[in-house]
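>
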Amino acid sequence: MLAEAAKTADRVVIIEDSRELQCAAPNLVAMRTKDGVATLSDLVRSSLRLRPDRIPIGEVRGPEALDLLTAWGPDHPGGIGTIHAGSAIDCLPAIREAVGPDFPVMFDGGVRRGADVFALLCCGVDYVFAGRPFLYGAAGFGRAGVHRTMEIFTEELSGLMRQLGCADLDTSPLAPFMIDRFQR
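To convert, take the position in the sequence shown, counting from 1, and add 72; that gives my numbering.
#1: Which residue's Cα is closest to the Cα of valine 200: Tyr208, Arg185, Gly212?
#2: Alanine 160 to glutamate 169, Cα distance in whole Å?
#3: Three or more C-beta pairs under 8 angstroms: does that hold for the segment 226-236 against the segment 201-216?
#4: With respect to the alpha helix (DSSP H) encompassing phenylalanine 190, which residues constitute its N-terminal and C-terminal limits?
#5: Count the other CB atoms within 10 Å of the CB of arginine 256; is the residue buried (16 or more) or exposed (fewer)?
#6: Just to check my reading of the structure: alanine 143 and isoleucine 127 have Cβ atoms closer than 8 angstroms, yes? What is that Cβ distance to the nearest angstrom?
#7: Express the C-alpha separation of arginine 234 and leucine 246 in angstroms, rounding to a whole number.
#8: From isoleucine 87 to leucine 112, what distance separates their C-alpha atoms?
#9: Buried or exposed: methionine 73, going by 16 or more other Cβ atoms within 10 Å of its Cβ?
#10: Out of Phe213, Met178, Leu93, which has the shortest C-alpha to C-alpha gap to glutamate 131?
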């Protein structure tokens, strides 16, 4: 995204704790936090006064996640945020807590089986996208391949839920601790 921004006249406002993100955009504003003066959340809110087209932020790891998601709302074309975690799934419980239960959390990338879907649901994700397995099913076997992929996902997810005593997705409380239970 940063390389693409360099090819446009978009106003890019980069926000970070320490200078790590590199961008050659002609209309670039770089903002950095300062202890006791400006937090990432403060800078995200301040950046909106600059009317940015893109808001990349380095190291999203706390309450600024909600400010960033709000800034990227329906009237904004978006941005990018980096995380420093073992994996994208490791940061999901913190994101869910920061945005609250009414803000939909979606996950796309690396979902290959029903167990991946279950882990993401346990971490507070509302919508899971699993395009690649379905693409492979369609490429190999057409519509029947897509249907079979869905059956496999459903069987894996249902089996895992039964093993862990979850009746259904609507009434069973799913939580991050359950991930450890099925990985053993």
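Glycine included, every Cβ here is placed at the ideal spot set by N, Cα and C.
Here's the rundown:
#1: Comparing Cα positions, the closest option is Arg185.
#2: Rounded to whole angstroms, alanine 160 to glutamate 169 spans 15 angstroms at the Cα level.
#3: Contact check between the segment 226-236 and the segment 201-216: fewer than three CB pairs, one atom from each, fall below 8 angstroms, which does not count as touching.
#4: For phenylalanine 190, the enclosing alpha helix (DSSP H) begins and ends at 186-194.
#5: With a pLDDT of 45 at arginine 256, under the threshold of 50, the predicted position of this residue should be treated as unreliable, though the coordinate-derived value follows. Exposed, because fewer than 16 other Cβ atoms sit within 10 Å of the Cβ of arginine 256.
#6: That belief holds up - the Cβ atoms of alanine 143 and isoleucine 127 are roughly 6 angstroms apart, short of 8 angstroms.
#7: Cα to Cα, the separation comes out at about 13 angstroms.
#8: Taking the straight line joining both Cα atoms gives about 7 angstroms.
#9: Burial call: exposed.
#10: In this structure, Leu93 is the residue among Phe213, Met178, Leu93 with its C-alpha nearest to the C-alpha of glutamate 131.
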